[in-house]
Each structure stands twice: as structure tokens, then as C-alpha cells.
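See structure below.
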Ligand SMILES: Cc1cc2nc3c(=O)[nH]c(=O)nc-3n(C[C@H](O)[C@H](O)[C@H](O)COP(=O)(O)O)c2cc1C
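As C-alpha cells, then:
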């Protein structure tokens, strides 16, 4: 399939694997890229720029296809060495960066100077327009359904995507709630040029996470996610578990007085315990409502081939048949 997104990133299929903390390691990024999508290494999961440089080199050993790096500018407990990470990206010859959180304006000249394509992930039309104005090549439009940080506007993709199409000149991909060929065709119909998936890619053979994480996603329904940290204006969609129930109790009892320190046990430093050790109640971890549409753990190649096969069939048979 050819869209402005496949052209921009030099990939075969308009499918991107969004950056995911402690999931987006070289194994997953390489598997997605080898299957014709755009795999993304999560920059901040690597504790130092030197470790990111090593992860980029590892990915390069596993694929000769394009892949990207995610740089997340979110409120974090420590302040990451962003110039160092960007240097590692440039020196590693990576040509695609997914930015998220705060707008990447400060870093755009440096990235552009090195021919790096920037796709900014955002959750509102106004932020997407800002990304376009500062020179981003594309945006990833994350609807309310998404795993991770859906923002504070709560606009689902059925409205957000066509609104983005009404306003944007640069291409965009649909993100949040995407799982299969139906998602891709719907995203294209709503004006997107492809799709970005997070949760779906965790439940794949190559995702370097504990088997219990994959099984938790397969077992979950669309009713099993919760929104946490709303009162801190740092809303995150997570899979419900004992830690999340505890966190929500604290949010309820402390109300507007809630501070980050009150919930630090449930949210800070929990990712390695969950993703690597399979300690499923260690804390709150991002997961999309799309878990309700995930029923198996295929390889990335099987998943992407299936999506493209379904999309082709939907367009040529179901939709063409209805139109004809
Ligand atoms: C476990 C997990 C961790 C994530 N970590 C990050 C991250 O570090 N940076 C980021 O920009 N997005 C992160 N995301 C968001 C994804 O890149 C993607 O935008 C989102 O998952 C799309 O929604 P979906 O899960 O419905 O596909 C994360 C998502 C998940 C599920």
C-alpha cells in the first residue's frame, strides 16, 4: 500500500509501532521494520545516551530496514539528557524520530539539519497544528481510546481523526484503538495515511516482555482499562490491577489535594518490574481499550501480513461490493 506515510519513511506498509517504555527495545523495533512497518526504539528506556547508541546498533544488526527512535518529553522524576540522546540518534544514522509529550520545537533545527523525519504524537487538533507549524513532517493523532497518555480533552478517534483531516496539511496516522485491517481501513477513510499501534504490538512473539504481560492483554476486555492521574493533568490509560485500584482510592480520598508523591509507589519505576519480571500488580502500566480486540500473540510478520490482507479484502470486496 502506498500513502504519504509509506513515502515519507520509506516503508512498505503504513503501520507504525509507537514508542513504549520497556517494550520498545531493539527486538520489537527490528521485527516490526522487518515486517514492512516502522519499528520504534523507546529512547528514555535506555538510561543513558550511550545505552541508546548501543540499542540503535543492536537494532541495526537485526534489520536493514528503516526504524525510528521515540523521544518523550513528559514530566519525569529526573531530567533526561535530551541533547545526548539526540546525538546518539544522529550518530546512529536513524532517520525517523517520534516525539511525544511537550512540543519538540527546541530540537527541530538539529533534527532537520540531519535529515531526520519527525512525527509528533499528540492528542488534539490544536497541538497537531502547532506541530505542523514548527516543521514536523507528520503527526500521530492519539484518540481518547489510546493506551498511555490520552491528554485531557477526551475526544475519541471517530471525531478527532476527521477533525485533524479538516485542518492539517501534513500527513497523519491514526493512533489509539488500532488493532487490525478494519482499524486501518477505517483510519484511511477518516483521513489518516496509516496507523500507529501500541498495545497490539505488546502481544506479539517478538515483544521483549514477560509472557504474563502478553496474556494479561489477551485476557483483558475493552472494559478493563482505567484513567489515572487525571487530577494531576497527566492522565494515563492503564490496565486495571490491584495497584491501580489502590491508586484510584487515593485519588478519590485526596481529591484536589493529591500530589505526585502520594502515588509514587504505584507509578514510579514500576515498568521493569512488570515488563521484565511479570510482577503484574507492581503498579500502573499503560494499556489501551483495544485490548478488547486482541485475542492472540502472533509474530509481527504474521500480524502485519494479516492486517494488510484484511485491509485489502475489505477495500476490494466488502466496500467495493457495497459501492458497486
Ligand atoms: C505499555 C505502553 C507504554 C507506552 N510508553 C510510551 C512512551 O514511553 N512514550 C510515548 O510516546 N508513548 C508511549 N505509549 C503510547 C504508544 O506509543 C501509543 O501511542 C499508544 O499505545 C496507542 O494506543 P493503543 O495502545 O490503543 O494502540 C505507551 C503505550 C503503552 C501501551
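Residue numbers (my numbering): 956 to 1279.
The beta carbon of each residue, even a glycine, is placed where N, CA and C say it ideally should be.
- Contact between the stretch 1137-1150 and the stretch 1062-1073 is absent: fewer than three C-beta pairs spanning the two stretches fall below 8 Å.
- Relative to ligand 1, residue 1017 has its C-beta separated by 8 Å or more from all heavy atoms.
- In terms of side-chain proximity, the C-beta atom of residue 1240 is found nearer than 8 Å to a non-hydrogen atom of ligand 1.
- Residue 1098 sits close to residue 1132, with the two beta carbons spaced by under 9 Å.
- Classified as exposed, residue 1250 has fewer than 16 neighbouring CB atoms from the shown chains inside 10 Å of its CB.
- Boundaries around residue 1053 are those of the beta strand (DSSP E), 1051-1056, since no alpha helix (DSSP H) includes it.
- 1104 is the residue among 1065, 1104, 1007 and 1011 whose C-alpha sits nearest the C-alpha of residue 1079.
- Residue side-chain check: residue 1079 keeps its Cβ at 8 Å or more from all non-hydrogen atoms of ligand 1.
- As DSSP reads the structure, residue 1076 sits in a beta bridge with 1055 and 1095.
- For the pair residue 961 and residue 1143, the CB atoms are not nearer than the 9 Å cut-off.
- Remark: the shortest separation between the CB of residue 1151 and any heavy atom of ligand 1 falls under 8 Å.
- Burial state of residue 1219 is exposed, judged by a 10 Å Cβ sphere holding fewer than 16 other Cβ atoms.
- Bounds of any beta strand (DSSP E) do not take in residue 1215, whose DSSP letter is neither H nor E.
- In the DSSP assignment, residue 1142 falls within the alpha helix (DSSP H) that extends over 1136-1144.
- Following the DSSP letters along the chain, one finds residue 1046 inside the alpha helix (DSSP H) bounded by residues 1037-1046.
- Boundaries of the alpha helix (DSSP H) around residue 1011: 1004-1017.
- One thing to note: residue 1054 has its Cβ no nearer than 9 Å to the Cβ of residue 1226.
- Here the C-alpha atom of residue 1036 lies approximately 14 Å from the C-alpha atom of residue 997.
- Only residues of its own chain outside the window of five on either side were considered, and among them 981, 984, 985, 996 and 1022 have a CB closer than 7 Å to the CB of residue 1014, listed in chain order.
- The bridge partners DSSP lists for residue 1192 are 1103 and 1182.
- Just so you know, the alpha carbons of residue 993 and residue 956 end up roughly 14 Å apart.
- Setting aside the 5 residues that flank it on each side, residue 1060 is surrounded in the same chain by 1089, each with a C-beta closer than 6 Å to its C-beta; the list follows chain order.
- Between residue 1261 and residue 1073, the alpha-carbon positions lie close to 28 Å from each other.
- Under DSSP, residue 1241 shares a beta bridge with 1193.
- With a contact defined as Cβ atoms closer than 8 Å, residue 1158 and residue 1252 qualify at about 5 Å.
- In this structure, 1100 is the residue among 1100, 1170 and 1007 with its C-alpha nearest to the C-alpha of residue 1109.
- Of all C-beta pairs linking the stretch 1259-1273 to the stretch 1198-1216, fewer than three are shorter than 8 Å, placing the two stretches out of contact.
- Closest by C-alpha distance to residue 1056, out of 1246, 1083 and 1178, is 1083.
- If you check the C-beta of residue 1073 against ligand 1, you find no heavy atom less than 8 Å away.
- Closest in alpha carbon position to residue 1029, among 1217, 1188 and 1213, is 1188.
- DSSP places residue 984 outside any beta strand (DSSP E); the residue lies instead in the alpha helix (DSSP H), whose first and last residues are 981-989.
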